[in-house]
Amino acid sequence: MPQRRITTVVERTRKRIRIRNRQGFARMRRAFVPLLIASVAAGISFWAAGLVLGHEFPFFAPVAVWACLGYTHERSVRRVAEMGIGVSLGVALGETFAIWVGAGPWQIGFVLFCAVMMARYIDSGALLASQAAVQGIVMVGLPAAALGSQFEGGFSRWTDALVGAVVATIVAAVTPIDPRHNLRATAQAATVQLARTLELTAAALRSGNPEDSSFAVNRGRASQGVIDDFQSEIDAAIETAQIAASARKYRSELASLNRTMVLVDRAIRSVRVVARRASSTPVTARSAFVADLLDEFALASLELGNALLLGQDPKVARELLRSVAARTSPGPIGEEYWHAQALILVLRSAVVDLAEAAGMEAQDARDALAEM
């Protein structure tokens, strides 16, 4: 028996090691190209700062490049420029204060406060404020000897950082950028949230349990965070497509994704109403019919999300939505089951919105609905 346990533990450990190795190599593959670009850019910035400014050790130039570019593919020009401004601002403020006032505990606190306040005045971006604070602390916290002899002779480090920021921004503008990847993933996440809300609502209609209804309502509310994330990402992607030449060809698709998510957002809002009303709907054969309809609607939402993620035509989702729409007539349910009828009436709006998101024309989506 102990031998079996030892064997089991060894096998589990081997599996974990293999999984960790695969995950580690996968992370390395994803980071290889952006890391190579950032490394080359860091070297170029060091050389450029030495050539243009005549500084012997312009190490804040590559520091600024790395802070701006990092090792990820997400390098919107706005984000990189924002980081560059933050680094340059922090270095300039810290260098100025260290030369005129000196270094010490209260100086670090004062520079931190001033750097963040100035960054907040310039722009609302959190990255700008963060980098301004960090670089300001570095400049004031390190002794002059650690920063090199040039530090004692005047203002020089902030210009090194500025060169690095300029190099990073140029690299972000000229290297190939595909802003659709994150947007597609976020769009799929929104459709998954919609599907899960529908499934939980269907379960609540079948069980009549108030806790199930509460779960559905809370899941619907949680979906707002995904919608907000998409909105911030699409704004950054559109700005990138306007600036970066490699991303301009995606402008029409970005506009299409934006329109799709507006419609998905509308559908989610309608489904939230359905989830709230489900708590007061008695368990009957008619409510079970609505639950089945919600499950089919959830499947269509998942199919739409998969198509959005892969950048494919959501024709399967459209067919499923046509099937759902054809069964959304409140009449056959009967007036005595008005609770279930009310759910169907709200659901019709969500079906139309999601059908439009799947590529149907507005009139076609409305025509697909069952007659009242």
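Counting in the working numbering, the sequence shown runs from 4 upward without gaps.
Beta carbons: idealized from backbone N, C-alpha and C, even for Gly.
- For the pair of segments examined, the stretch 313-326 was found not to touch the stretch 228-239: the number of CB pairs separated by less than 8 Å stays below three.
- The stretch 325-335 and the stretch 209-224 do not touch, with fewer than 3 CB-CB distances between them shorter than 8 Å.
- Taking the Cβ atoms as the reference, residue 94 lies roughly 4 Å from residue 161, within the contact range of under 8 Å.
- CA-CA distance, residue 181 to residue 241, rounds to 11 Å.
- With contacts defined as CB atoms closer than 8 Å, residue 368 and residue 349 fail to qualify as a contacting pair.
- Exclusion of the five residues before and after residue 232 leaves 189 as the residues of its chain whose Cβ lies within less than 7 Å of its Cβ.
- The beta-carbon separation of residue 85 and residue 126, rounded to 6 Å, stays under the 8 Å limit for a contact.
- Residue 213 counts as exposed, since fewer than 16 other beta carbons sit within 10 angstroms of its beta carbon.
- In its chain, beyond the 5 residues on either side, 93, 96, 135, 136 and 139 have a beta carbon closer than 6 Å to the beta carbon of residue 118.
- With a threshold of 16 other beta carbon atoms within 10 Å, residue 69 meets it and is buried.
- For residue 184, the uninterrupted alpha helix (DSSP H) segment begins and ends at 183-210.
- For the stretch 94-140, the continuous alpha helix (DSSP H) assignments of 4+ residues that do not extend past its boundaries occur at 108-125, in sequence order.
- Rounded to whole angstroms, the gap between the alpha carbons of residue 360 and residue 197 is 13 Å.
- Fully enclosed beta strand (DSSP E) runs of no fewer than 3 residues are not present anywhere in the stretch 213-274.
- Residue state for residue 28 is assigned as helix, using DSSP reduced to three classes.
- Residue 108 is classed as exposed because its beta carbon has fewer than 16 other beta carbons within 10 Å across all chains shown.
- Taking residue 37 as the centre and dropping the five residues before and after it, the same chain places the C-beta of 72, 73, 74, 75, 76 and 78 closer than 8 Å to its C-beta, in chain order.
- Around the beta carbon of residue 104, a 10 Å sphere encloses fewer than 16 other beta carbons of the protein chains shown; the residue is thus reported as exposed.
- In this structure, residue 229 and residue 278 do not form a Cβ contact; the two beta carbons are roughly 16 Å apart against a cut-off of 8 Å.
- Excluding its 5 nearest sequence neighbours in each direction, residue 254 has C-beta neighbours in its own chain below 6 Å: 244, listed in chain order.
- For the pair residue 208 and residue 301, the CB atoms are not nearer than the 8 Å cut-off.
- Each residue's CA atom was taken as its position, placing residue 358 and residue 124 some 44 Å apart.
- Counting every other CB atom within 10 Å of its CB across the protein chains shown gives residue 31 a total below 16, marking it as exposed.
- Between residue 223 and residue 274, the C-beta spacing is below 8 Å.
- Out of 353, 55 and 299, the CA that lies nearest to the CA of residue 165 is found in 55.
- Around the beta carbon of residue 203, a 10 Å sphere encloses 16 or more other beta carbons of the protein chains shown; the residue is thus reported as buried.
- By the criterion of a C-beta distance shorter than 6 Å, residue 297 is surrounded in its chain by 201, 204 and 205, once the five residues flanking it on both sides are discounted.
- DSSP, read as helix, strand or coil, puts residue 369 in helix.
- Apart from the 5 residues on each side of it in sequence, residue 293 sits with its Cβ closer than 7 Å to the Cβ of 208, 343, 346 and 347 in its chain, given in chain order.
- Between residue 270 and residue 353, the C-beta spacing is below 8 Å.
- C-alpha of residue 177 to C-alpha of residue 320: approximately 37 Å in a straight line.
- Classified as buried, residue 264 has 16 or more neighbouring CB atoms from the shown chains inside 10 Å of its CB.
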